[in-house]
Amino acid sequence: MSSDDNKILYITDLCLYFAFLRSDRNREMSSTKKRQRVGSSGRLSSYTDTGCGEPKSEDPAPLPALSLRRLTTSIIPGGFNDSTTADVLLRLQLGGSPDFSVGDPSSTSDPASLPSLDLHLHSSIICRSRYFAARLSDRWLRPDPSIPVDSSSSGLIRLTLKMPSPGNCRRPFDAHVAVLQLLYTSDFPCSIISVSAALEMLPVALELLFDDCVRACVRFIEAVPWTEEEEEGVLSLIPFLREEESENLLARVFPAATTAGDGKNISEEMLYGLILKVIHSNPGWASLKAFMAKLLRDYSSRDSVKRVLDRAFLESLGTVKELLGEYASPDFRVAGDNDETEAIQRLKIHTAKVNVRNLLWLVDRMLELNVADTAAKEWSDQSALTADLQKTFREDTWRNIAPGLPALVLRCTSRLANAIAAGSILAPRQVRMELVKHWLPVLNVCREIVYGAPSEVYQDLEETFLQIISTLPISDAQNLLQECLCFTRNVDNCPHLTLAFTTWFRRANRHQLDDSMS
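Under the UniProt record's numbering, the first residue of the sequence shown is numbered 1, with each subsequent residue one higher.
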């Protein structure tokens with residue numbers, strides 16, 4: 001239906017609605033005792049003109065945008081709501097629990113006070129609904145063959161469908177009318193045009209056991225995107241669907257049973273895959289890494305983020321250890337053709353540098369989220385890796401292949417050491433001691449023969465190592481401080497080293513002083 005047709009239908013409904021209000025006001029003036037029933041205020045105005053219910057006129061409702069598309073606005077002979085050929089009068093009545101009753105609806109406590117809408121239907125058509133087929137069967141309508149089907153003069157079969165209170169809904173009958181019209185037309189593509197429309201119609205179709213409409217609603221919902229609010233609506237309706245109807249919807253909102261039962265968390269696997277994609281992406285894609293960092297910050301489970309980051313860190317660290325171990329191995333250097341060996345060595349040292357860069361990004365994310373405990377512990381326990389780094393840096397081969405490798409290694413060490421010294425990572429004494437013990441020689445080698453790292457990196461790490469040494473027992477600090485003498489540049493330019501030795505001697509002499517006083 002084109003937009004022009006929609007405008008014409010909308011204007012037609014407005015005219016019918018206000019014409020009804022004028023006629024209703026005239027009827028009020030002539031007979032104030034006439035009983036009134038409430039119908040739909042906007043979309044169902046065409047039905048009220050045919051005697052299918054009279055809305056109260058004291059508070060006419062505006063006409064907001066509709067989520068359910070109009071199917072027909074005129075009465076077709078033998079069609080929906082044609083009172084001249086109908087054999088069923090269905091009353092939609094608000095204010096009770098959803099239920100069908102057969103016979104005269106006046107048996108309720110006060111039917112005149114309940115908003116309702118009457119619709120003229122045809123039993124041969126509405127039996128497409130299995131509920132109506134059961135209600136209109138002889139077993140329900142005539143439990144005793146001696147009792148006539150209907151005692152009224154009209155000869156209509158009267159049914160009442162009680163509906164729960166719609167809350168603040170201004171058009172409580174729309175969904176029911178739309179579904180009932182589909183019993184006549186089956187024009188599902190023209191009526192189900194949005195998720196909200198499908199979610200309004202689906203409960204009614206389920207209630208009426210209108211299987212074709214249920215399938216059409218489910219098929220539409222499964223094929224289009226949802227808002228978060230619409231997804232909540234889908235979740236609330238899934239329990240009422242048959243297994244074959246809900247299968248595709250369940251697969252969209254819940255992990256598959258095979259995935260959930262293999263011991264792996266599908267959300268964590270997704271995060272891990274994204275992290276690998278990011279760290280192995282082009283180094284120039286800073287926006288991609290920034291997006292991943294935001295995704296990790298906003299993720300609901302910090303424990304899951306920690307597990308995923310730990311896993312990625314250990315994998316990258318293992319790769320670095322393997323590559324540098326092979327690069328520094330004397331057995332590998334003497335094996336094979338010299339040109340081929342050199343090419344393999346160049347590839348290994350370059351790949352090691354890439355993975356150390358990945359480690360630095362992962363450490364930054366861990367520190368940002370305060371989940372770097374595992375990284376600190378693993379980084380402190382790298383005696384083999386630090387030995388291989390010292391061998392590598394004492395040669396000249398790496399300079400033209402991976403000139404930034406020393407700076408990356410020292411920055412990784414400095415990030416973790418600073419977090420330990422600041423108390424952001426509460427590392428055990430053994431971890432603190434091992435971190436300085438293993439990585440201090442790498443720092444010393446870099447200071448002596450490597451010029452790839454900025455001087456501020458050296459000095460920052462020196463000061464941090466001295467702070468960590470001050471947290472250790474005197475005996476442990478003694479050995480480590482002796483390795484720090486190479487920090488001396490000149491007497492006036494090493495106050496941090498002077499302070500460290502002053503602190504150690506003060507503590508070491510305190511015991512001797514106490515003995516002399518006793």
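All residues carry an ideal CB built from backbone N, CA and C; glycine is no exception.
* To do: Round the Cβ separation of A376 and I420 to the nearest angstrom and send it over; I've been treating them as touching at under 8 Å.
  => 6 Å
* Asked: Who are the near neighbours of F80 in its chain, counting only those whose CB is closer than 6 Å to its CB and skipping five residues on each side?
  -> Q181, Y184
* Counting pairs of Cβ atoms below 8 Å between the region 396 to 405 and the region 422 to 431, do you hit three or more? -> no
* Asked: W398: buried (16+ other C-beta within 10 angstroms of its C-beta) or exposed?
  -> buried
* To do: Could you tell me if the beta carbon of A290 falls within a distance shorter than 7 Å of some heavy atom in the ligand FAD?
  => For the ligand FAD, the structure offers nothing, since it holds no ligand at all.
* Among all the DSSP beta bridges, which residues are the ones paired with V354? -> In the DSSP output, where bridge partners are listed per residue, V354 has none listed.
* To do: Taking C217 and M201 to be in contact with their CB atoms under 8 Å, please state how far apart those CB atoms are, rounded to whole angstroms.
  => 6 Å
* So the alpha helix (DSSP H) D187 belongs to, where does it begin and stop? -> Note, D187: premise wrong, no alpha helix (DSSP H); not H, not E.
* Assign R510 to one of two classes, buried (16 or more other C-beta atoms within 10 Å of its C-beta) or exposed (fewer than that). => exposed
* To do: Take A197 as the anchor and find which of E228, H176, D212 has the nearest alpha-carbon.
  => H176
* Asked: Can you list, in chain order, the residues of its chain whose CB lies under 7 Å from that of C486, leaving out five sequence neighbours each side?
  -> N444, R447
* Endpoints, the beta strand (DSSP E) within which T160 is located -> 157 to 163
* To do: Measure the alpha-carbon distance for I193 versus Y272 and round it to whole angstroms.
  => 38 Å
* Asked: If you run the structure through DSSP and keep just helix, strand and coil, what is R215?
  -> helix
* **Three-state secondary structure assigned by DSSP to D381** => coil
* To do: Locate the beta strand (DSSP E) running through R130, then write down its first and last residues.
  => No beta strand (DSSP E) contains R130, which is instead part of the alpha helix (DSSP H) from 130 to 135.
* Looking at the structure shown, is D339 part of a helix, part of a strand, or coil, going by DSSP? -> helix
* Are E378 and L317 closer than 8 Å when you measure CB to CB? -> yes
* Can you name, in chain order, every residue of its own chain whose Cβ lies under 6 Å from the Cβ of Q467, other than the five neighbours on each side? -> A421
* Asked: Q390 and V442: beta carbons closer than 8 Å?
  -> yes
* Cβ contact check for the region 282 to 298 and the region 315 to 329: 3 or more pairs under 8 Å -> no
* Distance between L241 and P203 (C-alpha atoms, nearest Å) -> 10 Å
* Asked: Under a three-way DSSP split, which group does D388 fall into?
  -> helix
* **Backbone CA spacing between I266 and D460 [nearest angstrom]** => 41 Å
* Residues sharing a beta bridge with Q93, DSSP -> S116, K162
* To do: Please report the residue range of the alpha helix (DSSP H) in which S301 lies.
  => Element bounds for S301: n/a, residue is neither H nor E.
* Just the C-alpha distance for D298 and I75, rounded to the nearest angstrom, thanks. => 55 Å
* **Reference A352, options V371, V308, V409, D364, closest by Cα** => V409
* With a cut-off of 8 Å on the beta carbons, I'd call N355 and S424 a contact; round off their distance for me. => Not a contact, Cβ separation roughly 24 Å.
* Candidates T227, K162, G233, N418: which alpha carbon is nearest L208's? -> K162
* Who are the Cβ neighbours of R91 in its own chain at under 6 Å, not counting the five residues just before and after it? -> P105, S116, D118, T160
* **Three-state secondary structure (DSSP) of V371** => coil
* Asked: So what does DSSP say about L472, is it helix, strand or coil?
  -> coil
* To do: Enumerate in chain order the residues of its own chain whose CB-to-CB distance from T50 is below 7 Å, with the five nearest sequence positions on each side excluded.
  => Confidence is the limiting factor: at T50 the pLDDT is only 35, short of 50, which leaves the residue's position unreliable, though a coordinate-based value still follows. Counting only Cβ-Cβ distances below 7 Å, and skipping sequence neighbours, we find I75, N81, S83.
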